[in-house]
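These notes are about the structure you will find just below.
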Amino acid sequence: MKHLMKFILAITLLWFLSLTASAENMITLRINNSYDNVMISLKEKLAEYGYKVAHIQKCDGGMEGMGYKSDEYKVVFFGKLHEIRTLSKKYPQIIPYVPLKVAVIKENDSVVLVALNPTALKPYFKQEELHTQFERWSSDVRAIFDEIAEAEK
Amino acid sequence: MKSFFYILLLSLSSFAALALPNGEKLYNSHCSTCHNTHGLGGMGTPLTPAKVVNYSDEYLYNTIRLGRKGRIMPAFNHLSDGQVNAIISHIKSWNQVSKVVVFSKEPIKGNRAKGKIIYQKKCQSCHGENGKSNAVGTGISISRERKFKIAPPDLNNVGYLASASDSYIKNSLISGQIGSTMPSIKKLGLNDQDLNDVISYIRSFEQSIDENIEPETQDPTLIFDSPYDFDTTVKNLKMALTGLNFRYFPDRYLEMGLGDKSLINTKQLSLRFCNFKQLYQMINTDPRLGIFLPCRITIVENDEGKVQLHLMNMTLISKLFNNDQLTEGAQKMHETMLEVIDEATL
Chain H
1 MKHLMKFILA
11 ITLLWFLSLT
21 ASAENMITLR
31 INNSYDNVMI
41 SLKEKLAEYG
51 YKVAHIQKCD
61 GGMEGMGYKS
71 DEYKVVFFGK
81 LHEIRTLSKK
91 YPQIIPYVPL
101 KVAVIKENDS
111 VVLVALNPTA
121 LKPYFKQEEL
131 HTQFERWSSD
141 VRAIFDEIAE
151 AEK
Chain W
1001 MKSFFYILLL
1011 SLSSFAALAL
1021 PNGEKLYNSH
1031 CSTCHNTHGL
1041 GGMGTPLTPA
1051 KVVNYSDEYL
1061 YNTIRLGRKG
1071 RIMPAFNHLS
1081 DGQVNAIISH
1091 IKSWNQVSKV
1101 VVFSKEPIKG
1111 NRAKGKIIYQ
1121 KKCQSCHGEN
1131 GKSNAVGTGI
1141 SISRERKFKI
1151 APPDLNNVGY
1161 LASASDSYIK
1171 NSLISGQIGS
1181 TMPSIKKLGL
1191 NDQDLNDVIS
1201 YIRSFEQSID
1211 ENIEPETQDP
1221 TLIFDSPYDF
1231 DTTVKNLKMA
1241 LTGLNFRYFP
1251 DRYLEMGLGD
1261 KSLINTKQLS
1271 LRFCNFKQLY
1281 QMINTDPRLG
1291 IFLPCRITIV
1301 ENDEGKVQLH
1311 LMNMTLISKL
1321 FNNDQLTEGA
1331 QKMHETMLEV
1341 IDEATL
């Protein structure tokens, strides 16, 4: 009976462990450079890959204004007009996920870049065309982060 | 002939060296965003010499493989054994750890009931009731203020319990955690039997693992019809947001900034809003939150003149972050946004 209980416990643990999110859900990068330099590199690389920066949302200003301690924190919105126009018309469910975003977070002497890996959305969208698009975006964001990292060496 | 074999051997060993996984590169790609350069810590716990000296390779291996469910650290199940071992060697190399730490897998026997009493007196103020940490967020606080300099780990975490043997936990209790508020438990006047009792109680957390918050729907986007025209819907939403203490930002069209101003679709408006108190709490919980920011509802009028509101299913998407605290916050925000939409479309 004791062995059976242990076995059930082990199976339950294994099941819970299988629910732990995969490391592939986010695309991230840490760079040891100034915040401004990283912002410049990011904008340049996005442009090289054909993306336009639509908007930069400053998040730390509002928090500081409310009396909270916060280091620099911005969100860069980017995309390609034709993609966003076509996809939002054909698949309106994609609207809250575009334009794409990169959070740029200062941490002491380094800067962390974080993007949601578009392929992580695949299980929630059934359309094959969107899957192909997610793959393309994912590959671009990875390449952009890799090139920023490479340029720092 | 002899020299030919030497050259062949040399070439083969060079190829083998080239084929070996590069621990530094792997660490930089997979770990440094959270654990920082040279393990200084960030969203992830510090991996400084004082900490790593007490980690066995087995503990590190299991931690990388299993992750910490609901505490940001993902499960690196896509890496090969060689890659995981290369990361471990890299972490240990910069820390110049020569000591090989191996912990017994033998269970330690103790009195669970007595351990619970000790735990409540000596551990609960940081590690929380039933082993769920009292810290907001994980790792160390850098850019924002938090109660703990280093967040105490969840001792009831399924990944932790599967990675840490009883002997490993005992060693952690004896060593304490340099740089954090965790003292050596021996300094707290506890004897060996007390430690065994506490371990027995911690091990019992395996039987009380929390259920996850399950989103009501698996749809990534929630779409609501508005009975009003486009402008009235926008006006109603703004009023509802103000009533619920949100600050909304200037109007932005979905395509704005991506092309010629005169050609953008003005029937797709993203209404962006924020409650800075909630934002601060949630960024402290998980700095990666920016991917969600700012909160937004997009109002769309389609070709047939139908007005709809589009909203990200925050509870569902927050699951991708592997952070239960964030998911709890996202669920609350999700409910508030539904309230806003309800009021605006009444």
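Residue numbers (this note's numbering), protein chains in the order written: chain H, 1 to 153; chain W, 1001 to 1346.
No residue lacks a Cβ here, since even glycine has one placed at the ideal position from N, Cα and C.
Note that this is a predicted model, so its numbers are computed, not measured.
Counting along the chain, no beta strand (DSSP E) covers Gly-1159 (chain W); the unbroken alpha helix (DSSP H) around it starts and ends at 1158-1163. Rounded to the nearest whole angstrom, the CA to CA distance from Thr-1232 (chain W) to Ile-1178 (chain W) is 59 Å.
Within the region 1213-1264 of chain W, the complete alpha helix (DSSP H) runs of at least 4 residues fall at 1230-1243.
In the pairwise beta carbon analysis, the region 1251-1269 of chain W is classified as not touching the region 1278-1289 of chain W: fewer than three pairs are separated by under 8 Å.
Taking a beta-carbon distance threshold of 8 Å, Phe-125 (chain H) counts as an interface residue toward chain W.
For Arg-30 (chain H), the enclosing beta strand (DSSP E) covers residues 26-31.
Interface residue (Cβ-Cβ distance to chain H less than 8 Å): Thr-1221 (chain W) is classified as such.
Using beta-carbon distances, Val-1300 (chain W) counts as an interface residue toward chain H, with a partner under 8 Å.
Taking all protein chains shown into account, Ala-1113 (chain W) has fewer than 16 neighbouring C-beta atoms within 10 Å of its C-beta and is therefore exposed. Taking Lys-1235 (chain W) as reference, the option from W:Thr-1221, W:Asp-1251, W:Phe-1224 with the minimal CA-CA separation is W:Asp-1251. DSSP places Asn-1323 (chain W) within a strand segment (E or B) once states are collapsed to three. Chain H has a Cβ within less than 8 Å of the Cβ of Gln-1218 (chain W). Sequence-distant Cβ neighbours of Leu-1047 (chain W) in its own chain, meaning closer than 7 Å and more than five residues away, are His-1035, Gly-1039, Ile-1091. Taking a beta-carbon distance threshold of 8 Å, Thr-1033 (chain W) counts as an interface residue toward chain H. DSSP, reduced to helix, strand and coil, places Gln-1281 (chain W) within a helical segment of the structure shown.
By the beta-carbon neighbour count (other beta carbons within 10 angstroms, threshold 16), His-1078 (chain W) is exposed.
Counting of Cβ neighbours within 10 angstroms places Gln-1083 (chain W) among the buried residues, the total reaching 16 or more. At a beta-carbon threshold of 7 Å, the residues of chain W lying near Gln-57 (chain H) are Leu-1293, Pro-1294, ordered along the chain. If one requires a minimum length of 4 residues, the alpha helix (DSSP H) runs lying completely within the region 1066-1147 of chain W are 1081-1094, 1112-1122, 1124-1127, in chain order.
Close CB contacts of Ser-1318 (chain W) within its chain, under the 7 Å cut and outside five residues either way in sequence, are with Leu-1326, Thr-1327, Ala-1330 (chain order).
For the region 1122-1155 of chain W, the residues whose beta carbon sits under 9 Å from a beta carbon of chain H are, in order, Ile-1142, Ser-1143, Arg-1144, Glu-1145. Excluding sequence positions up to five before and after Ser-1208 (chain W), its CB lies within less than 8 Å of the CB of Asn-1130, Asn-1156, all in the same chain and listed in chain order. Counting C-beta pairs closer than 8 Å gives three or more between the region 132-145 of chain H and the region 42-62 of chain H, which meets the contact rule.
Under the Cβ distance rule, Gly-1023 (chain W) does not count among the residues neighbouring chain H, no pair being separated by less than 8 Å.
At a cut-off of 8 Å between beta-carbon atoms, Pro-1046 (chain W) makes no contact with chain H. The criterion of a C-beta distance shorter than 8 Å is satisfied by Gly-1290 (chain W) and Tyr-73 (chain H). Residue pairing by DSSP puts Cys-1274 (chain W) in a beta bridge opposite W:Arg-1247. In the structure shown, Ile-1291 (chain W) falls within a helical segment according to DSSP collapsed to helix, strand and coil. At a cut-off of 8 Å, the C-beta of Glu-1106 (chain W) has no neighbouring C-beta in chain H. Taking C-beta separations shorter than 7 Å and ignoring five residues to either side along the sequence, the partners of Asp-1219 (chain W) in its chain run Asn-1313, following chain order.
Look at the region 112-148 of chain H and you find no whole run of beta strand (DSSP E) that is 3 residues long or longer.
Within 10 angstroms of the beta-carbon of Ser-1056 (chain W) lie 16 or more other beta-carbons, which makes it buried.
Counting only residues of its own chain and dropping the five nearest sequence neighbours on each side, Ile-1223 (chain W) has a CB closer than 8 Å to the CB of Gln-1308, Leu-1309, His-1310, Leu-1311. In this structure, DSSP gives Met-1337 (chain W) a helical state, which the three-state scheme calls helix. In this structure, DSSP gives Tyr-73 (chain H) an extended state, which the three-state scheme calls strand. Straight across, the Cα-Cα distance linking Val-114 (chain H) with Val-102 (chain H) is about 6 Å.
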